Every structure is written in structure tokens, then in C-alpha cells.
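Novice:
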Amino acid sequence: MSAEAATNAPQRRRPTSWGRVAFFAVAFVVSSVYLYGAVDLGVGSLSIPGAGFFPVAVGGLGLIASLAALTQELLRRPAEGETSDEPKMDERRAFLLLAYMAVYPLTVETLGHIISGAIVCTGIIMIPRQRPFYQAAVIAVVMSAGSYWLFHALDIRLPAGVLF
Amino acid sequence: MGTEGLLDGFSAILDPGTLALILVGALMGTVIGVLPGIGPVGAMAVLLPVSFGLPAEGGIVMLVSVYFGAMYGGSTTSILMRVPGEATSVVVAIDGYEMTKKGRGGAALAVAATGSFVAGTIAVLTLQFVSGPVTELTLQFSPVEYFALTVFALFVLSRLSATSLAATLVACAIGLGLATIGVDTLTGVPRFTLGFDFMRQGVQLVALGVGLYGVTEIMESVASPAGPTPIAKVRFRELYPTREEWRRATPAMARGGVIGFILGLIPGPAPIMSTYASYGVERRISKHKDEFGSGAIEAVAGPEAANNGASGGSMVPLLLLGVPFAPPTALLLAGLTIHGVTPGPLMINNDPDIFWTLIAGMYLANILLLVFNFPLVSAFTSLLRVPRDIMFGLIALLAVIGTYAARNSVVDVWFLVAMGALGYVMSRFGISRAALLLAFVIAGLMEKSLVQGLTLGQGDLLYFMSRPIAAGLLIATVLAAFAPALLRLRSRGGSGTETGLASAIHEAEQE
Chain A
0 MSAEAATNAP QRRRPTSWGR VAFFAVAFVV SSVYLYGAVD LGVGSLSIPG AGFFPVAVGG
60 LGLIASLAAL TQELLRRPAE GETSDEPKMD ERRAFLLLAY MAVYPLTVET LGHIISGAIV
120 CTGIIMIPRQ RPFYQAAVIA VVMSAGSYWL FHALDIRLPA GVLF
Chain B
0 MGTEGLLDGF SAILDPGTLA LILVGALMGT VIGVLPGIGP VGAMAVLLPV SFGLPAEGGI
60 VMLVSVYFGA MYGGSTTSIL MRVPGEATSV VVAIDGYEMT KKGRGGAALA VAATGSFVAG
120 TIAVLTLQFV SGPVTELTLQ FSPVEYFALT VFALFVLSRL SATSLAATLV ACAIGLGLAT
180 IGVDTLTGVP RFTLGFDFMR QGVQLVALGV GLYGVTEIME SVASPAGPTP IAKVRFRELY
240 PTREEWRRAT PAMARGGVIG FILGLIPGPA PIMSTYASYG VERRISKHKD EFGSGAIEAV
300 AGPEAANNGA SGGSMVPLLL LGVPFAPPTA LLLAGLTIHG VTPGPLMINN DPDIFWTLIA
360 GMYLANILLL VFNFPLVSAF TSLLRVPRDI MFGLIALLAV IGTYAARNSV VDVWFLVAMG
420 ALGYVMSRFG ISRAALLLAF VIAGLMEKSL VQGLTLGQGD LLYFMSRPIA AGLLIATVLA
480 AFAPALLRLR SRGGSGTETG LASAIHEAEQ E
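Residue numbers (numbering that gives the first Met the number 0), protein chains in the order written: chain A, 0 to 163; chain B, 0 to 510.
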């Protein structure tokens with residue numbers, strides 16, 4: 000079951016999550032900064048709204064909602080006998096995947112799609128450590144070159160970089 | 000009723016190229032739907048870029064086929080392995096897997112496929128019949144109605160999310176805020192660009208959608224400790240339900256299809272809600288209540304039909320109002336926009352070819368899924384043996400290519416990475432990503448209609464209540480806000496009654 004499923008599943012009481020507290024606290028700070036910027040844009044009047052009119056409403060919504068969510072989270076108490084049934088996740092792996100994906104925008108315009116894509120894929124294939132590096136690299140090169148030619152055939156030109 | 004338009008649509012999809020795209024889309028969707036962790040939205044997100052280089056009709060019907068295929072594929076692993084490929088298959092897994100344990104897994108798969116087909120066809124037929132009258136009605140919409148509709152959509156979505164209203168409204172505010180980055184189309188003023196030129200273009204829907212769903216779902220799969228799961232083998236001859244099973248399943252399919260279609264019109268996670276609602280209804284009216292939870296065929300047929308009916312129902316607000324009420328239709332909107340098609344009341348007149356080709360494509364996708372999923376069920380389940388590491392690499396590569404290719408912009412890939420991180424954090428903390436995505440998508444329409452409404456009403460806020468549909472929607476929004484609290488108070492007062500849907504969900508959860 001995907002996490003979205005968990006999100007949409009019927010509500011279950013949970014203990015205060017400091018991660019959620021941090022999330023809503025950051026949302027509160029960002030909303031405040033956003034609201035300040037929105038007011039700066041010029042709110043205008045009700046009959047002639049300015050560029051900042053809608054953002055002020057959005058910033059206000061964010062500020063109030065994040066404050067309410069933060070308060071709710073801090074006041075939350077676990078139900079009696081409540082335990083977490085979530086499986087333990089290896090967060091390091093998840094963010095490692097993201098880090099490898101970030102290599103693509105860093106290198107694609109100079110090295111081109113095939114090399115950048117191969118670097119990204121090699122890194123990601125190596126995350127679960129199921130196969131040796133050379134095997135991962137060969138698979139990654141095949142996938143990257145294959146995707147280049149597939150999209151080329153669809154008339155979508157990806158950067159060729161240093162190879163062509 | 001658009002019979003002529005539909006016939007034109009059918010002649011368009013009978014073009015071998017378009018036909019092949021529908022088939023490829025349905026099969027690719029099923030393949031991705033089978034894989035646990037990547038749901039229909041993730042499937043659409045990663046395959047969205049493939050549609051960019053295709054002709055508009057072909058690209059869009061392929062995306063719809065991917066969606067329908069992924070919805071179907073999710074039920075295969077639910078029934079055979081009790082591993083729901085996506086959230087809509089959780090309910091089907093309860094009795095479907097019990098049937099597999101009793102050696103009736105093949106029959107459950109056949110009933111699920113037929114239920115999907117029946118519900119999909121009900122939905123498409125209804126969409127075809129309502130398109131004319133709804134279009135005529137929505138052509139009367141002024142900015143006031145559109146503003147009321149967007150407010151209603153966001154609020155109802157927030158109310159239907161599993162987390163608290165406040166938490167979902169935070170997600171909505173993030174989505175609305177992200178949509179305001181870039182040059183304001185109404186005034187030409189750059190907003191929240193932090194002085195960078197590249198920020199003037201704003202955040203792209205493809206980067207946001209693929210990041211929030213595609214990337215987040217791979218991150219979750221990578222981080223998940225799940226190992227290989229034993230797969231039940233199903234032979235072709237085992238796919239035939241008995242006469243008694245058909246007799247019990249057929250009305251459940253019809254009921255599920257109708258429940259799904261109606262719930263599909265409501266903003267929020269309609270396919271998921273519809274499966275719970277259908278399960279609850281079937282359980283309540285069944286003569287075999289004791290079989291529920293231990294392999295009742297109605298508990299497979301109804302929910303499976305319901306989630307497909309909801310998928311069809313969710314097309315109504317997108318195609319006829321131009322407002323997506325669910326993440327898959329938001330991604331479909333991205334696909335339509337990339338091809339220069341604007342959905343809404345004018346679509347049926349401005350782009351009749353695309354509209355009717357899409358409707359005909361939905362018919363055909365349902366038929367192809369029914370025809371191919373029977374003989375290919377073993378092939379689909381064997382896909383679960385494809386090494387996960389290679390799958391992760393391939394999906395991540397498709398995500399970055401798609402985001403880059405949409406505007407040839409490296410900045411969009413940075414946004415993709417950022418949205419992936421945000422989506423993962425939100426998912427881990429149980430905060431609705433759907434609310435963020437939908438808020439982002441409807442923010443433009445909401446702001447434009449608000450500003451136009453205020454200008455037309457010369458600043459009078461009561462102008463928004465001056466038209467009956469807008470007033471009705473705004474009143475419904477207020478009711479949606481306060482009704483749950485009032486119901487809670489009433490039940491504390493001793494009546495203890497639950498709403499039908501809440502009760503159905505509760506009962507299904509007990510199973």
C-alpha cells in the first residue's frame with residue numbers, strides 16, 4: 000500500500016510526531032515570509048485588486064492553517080494502548096536516490112543525456128546493493144542510451160553534450 | 000448526445016497508430032499498476048513525457064489508457080498476493096486474497112476484470128450522455144460560479160482527507176502559493192521570483208506532479224524494507240467463475256459502477272472512497288454476510304467496479320468544467336495543456352476531435368483491458384520478479400527526462416527534485432499530497448475568477464452570492480465545513496448515527 004493510501008485511509012489517532020511539528024513550524028515561518036512578500040506586491044482594493052491581493056489571501060490561509068495544525072499536533076495525545084504499525088523505512092536510501100537524481104540537472108547540459116543519465120541510473124541501481132558495480136554501469140548505459148534514442152524517435156531532443 | 004461526434008472519435012481511434020498507443024498505454028499502465036508502490040498517479044506521472052512527442056489525440060488517449068490500466072493492474076497483486084499495488088485495491092485485497100487461498104483466485108481476477116469493464120463502460124456512457132446538457136449549463140458560468148466551484152472543490156477535498164482539516168489546508172496553501180510564483184498573467188507583475196529570471200516562468204505542473212507522485216513513490220519503494228513476495232500461479236482455465244459466482248457478482252458490479260461514478264464527481268480521493276462505500280453497501284444488502292472477509296465474490300466485484308466507475312466519473316469535472324477534482328485528472332490536464340488543448344465547456348466545440356477521440360479511446364481501453372488481461376495475467380504477475388533496482392533506475396530516469404523535455408529546462412528538474420523531497424516528507428507525515436497538487440492546478444482559475452468577480456461586482460462581496468449556482472456552491476462549502484462538527488455533536492447527544500459513507504468505511508475497516 001502506497002503512502003498516499005495511508006494518507007487517504009480512515010483517520011487513526013497518533014502520538015505527537017515531532018516531524019509533523021517541524022513541518023508545520025516551517026510552514027508557519029514560510030507563510031509569514033510569503034505574506035510579507037505578498038503585501039509588498041500591492042494588495043489594491045476590493046474593486047481593483049492588485050498583484051498581491053490573491054497571495055495575501057493564500058498567505059493568510061497558510062499562516063492560520065499552519066498555526067492550527069501546529070497547535071493540534073502539540074496537543075495530541077496517543078490513544079490508550081496505541082502503537083505505531085508503520086514499517087521501518089530506510090530514509091537514507093530515499094534521500095540518496097534524490098541526491099543521484101540531482102546529478103542530472105548539474106551535468107546534463109555539459110555531459111549530455113546519455114552520460115548524465117548513466118551516472119544517475121548507476122547510482123540508483125547501486126542503492127539496494129544487489130549487483131556489482133560493473134553490471135549496474137552496463138545496465139545504466141543501456142537504459143540511458145536507449146531512452147535517448149527512444150525520445151529522439153518521438154522527436155524529443157535531449158542534450159547530446161560531449162558525445163555527438 | 001453527440002453520436003456523430005462519437006462515431007468520428009471511433010474512426011479516429013481505429014487509425015493503427017492511435018490503436019497501438021491505446022494498447023501500449025493500457026498494457027504499460029497495467030504493468031506499472033501491478034508493481035507495488037507505484038499507483039495510477041505515479042504511472043501517469045512517469046509516462047506523461049512519453050505523450051509529449053505524440054500527436055495530441057494519440058498522446059492523450061494513451062495517458063487515459065495508462066490510468067485505466069494502472070487501476071486494473073493494482074487489483075491483480077491484491078487478489079493473488081494481498082499486496083495492493085495502490086490504495087484503491089486495499090478493499091479488494093480482503094476478500095480477493097481469501098478467494099485465492101481457496102483456489103478461486105482466477106475467478107476473482109475474472110470478476111475484477113469484468114467489473115472494471117462494466118463500470119468503465121457505465122461511466123463512459125454516462126459521460127457521453129451528460130456532456131451535452133452539462134456543457135450547456137457550464138457555458139452560462141461567469142467568474143463568480145468558477146470561483147465558487149474552486150473554493151468548493153478545495154474545501155470538500157480538505158474535508159474528505161484523512162488528516163485534520165488544518166493539515167490539509169496547509170497543503171492547499173502550499174499548492175496555491177507555489178502557483179503564484181512567476182509573472183502574474185493578470186497584471187504582468189513578477190511575483191516571488193527572488194530576482195531570478197528563471198523563476199519568472201513559474202513552477203511547471205509536470206515537475207510538480209511527477210515530483211510529488213512519481214519521485215515520491217520511488218523514494219518510498221527504495222526506502223521500504225519489503226522483500227520478494229510469493230506469487231500464486233493462475234492458469235487460464237482457472238479464470239472462469241462459476242454460474243453462482245456470476246449470479247452474485249453481476250448486480251454488485253452494476254451497483255459498484257454507479258456508486259463509483261457518483262463519488263467520482265466529488266473532489267478528493269473518490270476511487271478510494273468508492274471502494275469502501277461499495278464494500279459497505281454490498282455487505283449490508285448481501286444474503287451471505289458471513290462470507291465477507293473470508294472470500295465473498297460481491298466484495299471483489301463491487302469495490303473493483305466502484306474504483307473504475309469513479310475514475311470515469313472524475314473525467315466529468317475535468318472535461319466539462321475544466322477543473323480537475325483528483326490527482327490523475329490533474330496530470331491529464333497537464334497532458335492536455337502540453338498539447339494546447341484547454342478542457343472545459345468550450346472543449347466540445349473548440350476541440351471536438353480530441354473530446355470524442357478521448358471518449359472513444361476510453362471505451363476501447365476498457366475493452367482492450369478486458370480482452371488482454373485474461374490471457375496475460377500470468378505474464379503480469381511474473382513482472383514482480385523483475386529486479387527492483389533496475390525498475391527504480393528506469394522510473395527515475397523517465398521522471399527526469401519527462402520533466403526536462405516539457406520545457407527543455409534544467410530548472411524544472413531542480414523543481415522536480417525539490418518536489419520529490421517535499422512529497423516524501425508529506426507522505427511520511429501523513430499530509431495530503433493530493434490537496435497540494437489540486438490546489439496548484441486550480442489556483443490560476445481561482446485567482447482569475449476572484450479578481451474578475453470582484454471587478455464585475457465593483458468590490459461588493461455579496462455579488463458572489465447574487466447568482467444561484469454560485470450561492471448554492473458557497474452554501475454547500477459552508478455546510479461541508481460545519482456539518483461534520485454538528486453531526487459529531489448530535490451523535491454525542493445520544494443518537495450515535497454515522498453518515499452512510501463513514502459507516503461503510505468503518506465497516507470495511509473492521510474487516
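Virtual Cβ for every residue (Gly too), placed ideally from N, Cα, C. Just so we're clear, the structure is a prediction, and the values are computed from it rather than from any experiment.
1. Let me know the secondary structure DSSP gives B:G210 once reduced to three states.
2. Hey, out of B:A305, B:A404, B:F51 and B:A253, whose CA is closest to B:G263's CA?
3. I need the DSSP call for B:G294, collapsed to helix, strand or coil.
4. How would you list, in chain order, the residues of chain B whose beta-carbon sits under 8 Å from the beta-carbon of A:I138?
5. By DSSP's criteria, A:G43 is part of a beta bridge. Which residues make up the other side?
6. Interface residues of chain B around A:S46 at Cβ under 9 Å?
7. Pull out every residue of the segment 95–128 of chain A whose Cβ sits closer than 7 Å to any Cβ of chain B, in chain order.
8. Using a C-beta cutoff of 8 Å, does B:T356 count as contacting chain A?
9. At 4 residues or longer, what runs of the alpha helix (DSSP H) sit wholly inside the segment 304–390 of chain B?
10. Look at B:V322 and B:A170 and say whether their C-beta atoms are less than 8 Å apart.
11. Can you check DSSP and say which residues form a bridge with B:G259?
12. What is the C-beta distance between B:T341 and B:G8, in whole angstroms, given that I count them as a contact (C-beta under 8 Å)?
13. Going along the segment 405–419 of chain B in order, which residues come within less than 7 Å of chain A, judged by CB to CB distance?
14. Give a yes or no on whether the C-beta atoms belonging to B:V209 and A:L96 are separated by under 8 Å.
15. Alpha carbon to alpha carbon, how far is B:V409 from B:G194? Give it in angstroms, no decimals.
16. In whole angstroms, what is the alpha-carbon distance linking B:I389 and A:I124?
17. When the Cα of B:V143 is compared with those of B:R254, B:Q451 and B:F67, which residue comes out closest?
18. Under DSSP, the alpha helix (DSSP H) around B:T162 begins and ends at which residues?
19. Run through chain A and tell me which residues come within less than 7 Å of B:V424, C-beta to C-beta.
20. Can you tell me whether B:I12 is buried or exposed? The criterion is at least 16 other CB atoms within 10 Å of its CB, across all chains shown.
21. Are any of the Cβ atoms in chain B nearer than 8 Å to that of A:V141?
22. Answer yes or no: does any C-beta atom of chain A fall closer than 8 Å to that of B:F51?
23. Per the contact definition of three or more C-beta pairs closer than 8 Å, is the segment 199–213 of chain B in contact with the segment 367–385 of chain B?
24. Check the Cβ of A:L73 against every Cβ in chain B and list those closer than 9 Å, keeping chain order.
25. For A:Y33 and chain B, any beta-carbon pair shorter than 8 Å?
26. So for B:P270, helix, strand or coil by DSSP?
27. Would you tell me roughly how many angstroms separate the C-alpha atoms of B:G311 and B:G458, rounded to the nearest one?
28. Is B:R190 helix, strand or coil when you go by DSSP?
29. Using the beta-carbon of each residue, which ones in chain A are nearer than 8 Å to B:I78?
30. At a Cβ threshold of 8 Å, is A:P54 touching chain B?
31. Under the DSSP definition of a beta bridge, which residues are partnered with B:G181?
32. Please list, in chain order, the residues of the segment 177–195 of chain B that have any C-beta partner in chain A closer than 8 Å.
33. Where does B:S105 fall in DSSP's three states?
34. Could you tell me whether any Cβ in chain E is nearer than 8 Å to the Cβ of B:V169?
35. Is A:V20 closer than 8 Å to A:E72 when the C-beta atoms are compared?
36. In the DSSP assignment, find the alpha helix (DSSP H) that holds A:F94 and state where it starts and stops.
Specialist: With the given structure in hand:
1. B:G210 carries a helical assignment under DSSP once its states are collapsed to helix, strand and coil.
2. Across the set B:A305, B:A404, B:F51 and B:A253, the C-alpha of B:A305 shows the shortest separation from the C-alpha of B:G263.
3. Of the three classes helix, strand and coil, the one that applies to B:G294 here is coil, per DSSP.
4. Result: I389 and G392.
5. DSSP output for A:G43 lists A:P48 as bridge partner(s).
6. Per Cβ cutoff of 9 Å: L453, T454, G456, Q457, G458 and D459.
7. Under the 7 Å Cβ criterion, the segment 95–128 of chain A contributes L96, L97, M100, A101, Y103, P104, V107, E108, G116, V119, C120, I123, I124, I126 and P127.
8. Contact of B:T356 with chain A is not assigned, every C-beta pair being separated by 8 Å or more.
9. Along the segment 304–390 of chain B, the alpha helix (DSSP H) occurs as fully enclosed runs of 4 or more residues at 326–337, 346–349, 351–372 and 376–381, listed in sequence order.
10. Contact flag unset, no.
11. Looking at the DSSP output, B:G259 shares a beta bridge with no other residue.
12. So it is not a contact: roughly 19 Å between Cβ atoms.
13. So the list reads V409, V412, W413, V416 and G419, given in the order they occur along the chain.
14. It is not a contact, given that the beta carbons lie outside the stated cut-off.
15. So the alpha carbons of these two residues sit roughly 18 Å apart.
16. Roughly 6 Å separates the two Cα atoms.
17. Distances from the alpha-carbon of B:V143 to those of B:R254, B:Q451 and B:F67 put B:Q451 closest.
18. No alpha helix (DSSP H) holds B:T162; DSSP gives it neither H nor E.
19. The CB of B:V424 comes closer than 7 Å to the CB of F22 in chain A, given here in chain order.
20. Counting Cβ neighbours within 10 Å, B:I12 comes out buried, since at least 16 surround it.
21. Not one chain B Cβ lies under 8 Å of A:V141.
22. So yes, B:F51 belongs to the interface.
23. The segment 367–385 of chain B and the segment 199–213 of chain B do not touch, with fewer than 3 CB-CB distances between them shorter than 8 Å.
24. Against chain B, the beta carbon of A:L73 has no neighbour under 9 Å; the closest one sits roughly 12 Å away.
25. At least one chain B Cβ lies under 8 Å of A:Y33.
26. If DSSP states are grouped into helix, strand and coil, B:P270 belongs with the helices.
27. Rounded to the nearest whole angstrom, the CA to CA distance from B:G311 to B:G458 is 39 Å.
28. Strand.
29. Near B:I78 there are no residues of chain A at all, since even the closest Cβ is about 15 Å away, more than 8 Å.
30. With 8 Å as the cut-off, A:P54 counts as an interface residue toward chain B.
31. Secondary-structure assignment with DSSP links B:G181 through a beta bridge to B:R190.
32. Listed by position along the chain: T179, D183, L185, T186, V188, R190 and F191.
33. Checking the sequence shown, residue 105 of chain B turns out to be Gly, not Ser. If DSSP states are grouped into helix, strand and coil, B:G105 belongs with the helices.
34. No chain E appears in this structure, whose protein chains are A and B.
35. With contacts defined by Cβ atoms closer than 8 Å, A:E72 and A:V20 form a contacting pair.
36. Counting along the chain, the alpha helix (DSSP H) containing A:F94 begins and ends at E90 to L110.
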